Amino acid sequence: MLDTVMNILAAHDMCVLATTGPKGPHTSLMGYVWDEEQLRIYLMLRKGSLKYGNMCSDPRVSLLVDDRIRHAENPHEGTQALTVHGVHVPFREDGDKQRAQGMLLRRLPHLIPFASQEDTTPVAIQPQGFQWLRDVEDAVFLKIP
């Protein structure tokens, strides 16, 4: 199961990020990159955004990664979805932050102009558990110790 989760995360680069804050829940379509070495998901955000503020006040997040685009003609047939339950974790060192930004911009070069803005920063998500949905009622759960 863990291999399947890692493969799904590596094969895709778009997710829906869910955060919560004083104004309630908030979702955003995001580009991401999976760091298999560090077991982290990296996103690029503006420090002034609602999602960034939410993550700073409540680090718990969920991300939804799915493959419905691969089934565009019939998205109800064979689509898989992976929900990642995790927490926003600060970078320990500047080198870690630079590494994350480099990975993001190599995988998602369209973010280069966005990343050059002063208030833009990479953020790291540490997964704590996964829910892999292969059909309407075929779900597998995996908790990270």
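Mapped onto the numbering used here, the consecutive letters of the sequence shown carry residue numbers 1138 to 1282. Glycine included, every Cβ here is placed at the ideal spot set by N, Cα and C. Source: prediction; values computed, not measured.
Buried versus exposed, by CB contacts within 10 Å (16 or more), residue i
{"i": "V1277", "result": "exposed"}
{"i": "Q1235", "result": "exposed"}
{"i": "N1191", "result": "buried"}
{"i": "T1220", "result": "buried"}
{"i": "M1240", "result": "buried"}
{"i": "H1247", "result": "exposed"}
{"i": "P1264", "result": "buried"}
{"i": "R1177", "result": "buried"}
Three-state secondary structure (DSSP) of residue i
{"i": "D1231", "result": "helix"}
{"i": "H1149", "result": "coil"}
{"i": "I1262", "result": "strand"}
{"i": "M1143", "result": "helix"}
{"i": "L1242", "result": "helix"}
Beta-ladder partner(s) of residue i, from DSSP
{"i": "G1161", "result": "G1158"}
{"i": "H1225", "result": "I1262"}
{"i": "Q1268", "result": "T1220 and F1278"}
{"i": "L1166", "result": "V1153"}
Residue j beta carbon less than 8 Å from that of residue i
{"i": "I1262", "j": "L1200", "result": "yes"}
{"i": "Y1169", "j": "C1193", "result": "no"}
{"i": "P1259", "j": "M1143", "result": "no"}
{"i": "Y1189", "j": "R1197", "result": "no"}
{"i": "V1202", "j": "H1149", "result": "yes"}
{"i": "Q1217", "j": "D1233", "result": "no"}
{"i": "W1171", "j": "A1155", "result": "no"}
{"i": "Q1238", "j": "A1252", "result": "yes"}
{"i": "D1256", "j": "G1158", "result": "no"}
{"i": "L1270", "j": "L1139", "result": "no"}
{"i": "I1281", "j": "G1266", "result": "yes"}
_Segments of 4+ residues assigned as alpha helix (DSSP H) that fall wholly inside the segment 1169-1203_ = For the segment 1169-1203, whole alpha helix (DSSP H) runs of length 4 or above, ordered along the chain, are 1187-1194.
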